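Student: Dumping the structure here so I can ask a few things about it.
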Amino acid sequence: MSLGTKNRQRRNADLCKEHLRREYAAQAALVEEFILEIEGPEESADLAAWAQFTDNKRSDAEMLERVGERYSQWLG
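If you count the sequence shown from 1, you need to add 10 to reach the numbering used here.
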């Protein structure tokens, strides 16, 4: 895997996690549980798991919207 791909994966993961933590700050424990469910434990985190929220246009706004929708579905 190229360095550019890894950097993009880390950037997407960081954007998604930051968005969730900011938008749902009142539900911090649940957000952290959701993040753990998406990428796994910190020592073996799979940042590529966040790619499920991206698309070919690489629109950050759409990616964050999808993350928010998935989190809302996850809450039930």
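Glycine included, every Cβ here is placed at the ideal spot set by N, Cα and C. Because the structure is a prediction, the values reported are computed rather than measured.
Work out the CA separation of Thr64 and Arg80 for me, nearest whole Å.
Tutor: Locating residue 80 in the sequence shown gives position 70, counting from the first residue. Locating residue 64 in the sequence shown gives position 54, counting from the first residue. The straight-line gap from Cα to Cα measures roughly 13 Å.
Student: Any idea what DSSP makes of Arg82, helix, strand or coil?
Tutor: Within the sequence shown, residue 82 is the residue found at index 72, counting from 1. Reading off the sequence shown, one finds Ser at residue 82, where the question assumed Arg. Three-state DSSP puts Ser82 in a helix.
Student: Taking three-plus beta-carbon pairs below 8 Å as touching, is the stretch 29-40 in contact with the stretch 50-64?
Tutor: Touching, no.
Student: Are the beta-carbon atoms of Leu85 and Leu40 separated by less than 8 Å?
Tutor: Counting from 1 along the sequence shown, the entry for residue 85 is found at position 75. Counting from 1 along the sequence shown, the entry for residue 40 is found at position 30. Yes, the pair counts as a contact, with Cβ atoms nearer than the cut-off.
Student: Which of the three DSSP states, helix, strand or coil, is assigned to Ala121?
Tutor: Within the shown structure, residues of the chain are numbered from 11 to 86, placing residue 121 beyond reach of any answer.
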